[in-house]
Amino acid sequence: MNQLFQFRFKYIIVLLLLIFSLCSFSQNNKENSYDILFLGSSYFGYNNLPALCKDLFEDTQKDVNISNYNPGGVYLDYHASSSISESKINECNWDFIILQGVGSLMAYPDYYTQHPVSPALEALKTKIHNNCESTRIIYCLPWAYEDGMTWVPGWDDTYEDMQILIYYRTLEYSNDIGFAIAPVGWVWYKILEDKNYPLHYLHMSDWNHPSLKGSYVMANVIYSTIFLESTTDNNFNSTLASDEADYFKEISSKTVLDSLDLWNISPYTDTTYSDTISSDTTNTDTAYLSMIYPNNKKSFKVYQNFPNPFSSESVIKFEVLRESKITIKVFDITGKSCGILTDEKKLPGVYTIKIDGSKYKSGTYFYSIQTANDQVIKQFQIIK
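Note that my numbering has the sequence shown beginning at 802, numbered continuously upward.
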């Protein structure tokens, strides 16, 4: 009897250890997996972008669960009011939700008023975070039509004109609303400029939807935006020639990773929202905690530099509302850093800092002012 008891006891112990191991394995797998939802339209549907992304992600051993809802011919305001979209949002605690933009709406919001972008993004952000506060929202910076707006009678905006407007507006909405940018359209712009604008290269022959090359670029940009990693060592080329795919990987990764603060991208964390940030938080790990902790009260106010445009000198005025380390950086239109104006702790008060125009060539620039939990970007121009 005693031996039977010992046998059963040992059996139960082994069984419990096995169950514990399986639970731990399952939990570890969950911690290393990513649930990703794509909400868009035919721009995501062409070439099955979610499937392209899944193949690309899994080539680097990323464990991903990807779902999508991309009905043709809809805009973000549809997703903001659709019960189907809302049910997709509430389906699970998504790690990332990828939103698709439309170039014409972003470039010309005062002309295309039927589908306003900003209210839709605000509404979607609310629904997404009501479901799961830690879900990261990524908005794909749109691309311009291949012929710009020249197809509209009386308009002469080229592809380049339209893309620049999309770029500015996306940065503005990103900072005002609070979402990360996957700079798809900006990478397209760099590629097309580099290739001397070949016809129907990233666009389909309808001058609008993405070709396979365009979708492949989009997948690489999204990968680097999510994982903060380059895709240059990735072996997934879809059906593209290896040299062309390698070129797309390099320019996509570089555009994202060289300008994380410009795109409002922060390191992924499972940390949930909090109104309190530790005073010993480092800039290296949490440069953009405004994306992780959007409920924090603003730590500063910043005003547009004056004069603007300018040639020799301009002044930025900002007000520190609570003691913070203030960093002000300057970037050119490509997102390349052009220097740091200040990087020091400031007590509450009103401050000014000068921009020395003699250090810069004529052109469009941006200055970002940030603390550990806030960031604002504003544009300025130098004319000589």
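Cβ coordinates follow ideal geometry from the N, Cα and C atoms, glycine included.
Assigned with DSSP and collapsed to three states, K1185 falls in coil, not helix or strand. In terms of CA proximity to E1145, E1124 leads the group A981, M907, F1132 and E1124. A Cβ-Cβ distance of about 7 Å is found for the pair W989 and G1015, placing them in contact under the 8 Å criterion. Comparing alpha-carbon positions, the option among E961, Y1161 and N997 lying closest to T951 turns out to be E961. Counting only residues of its own chain and dropping the five nearest sequence neighbours on each side, P999 has a CB closer than 8 Å to the CB of L993. About 4 Å separates the CB atoms of N869 and F839; that is less than 8 Å, so the two are in contact. Note on geometry: alpha-carbon atoms of C854 and A983 lie some 13 Å from one another. Per DSSP, the continuous alpha helix (DSSP H) segment holding V1018 begins and ends at L1013 to F1028. Secondary structure note for S919: it is in no beta strand (DSSP E), and the uninterrupted alpha helix (DSSP H) holding it is V918 to N932. Within the same chain, G904, A908, A945, Y946, G949 and M950 come within 7 Å of M963 by CB-CB distance, once the 5 residues on both sides are set aside.
In summary, N848 is buried, with 16 or more beta-carbon neighbours lying within 10 Å of its beta-carbon over all protein chains present. Judged by their CB atoms, S1039 and D1157 are not nearer to each other than the 9 Å cut-off. Secondary structure of L1058 (DSSP, three-state): helix. Excluding the 5 residues flanking it on each side, L1013 has same chain C-beta neighbours closer than 6 Å at N848, in chain order. In the pairwise beta carbon analysis, the region 1159–1175 is classified as touching the region 1125–1132: at least three pairs are separated by under 8 Å. Between the beta-carbon of Y876 and that of L906 there is about 7 Å, and that keeps the pair under the 8 Å contact cut. Nearest Cα to I1117 within the set I1134, S1138, I1141 and Y1152: Y1152. Under the three-state reduction of DSSP output, T1135 falls in the coil class, being neither helix nor strand.
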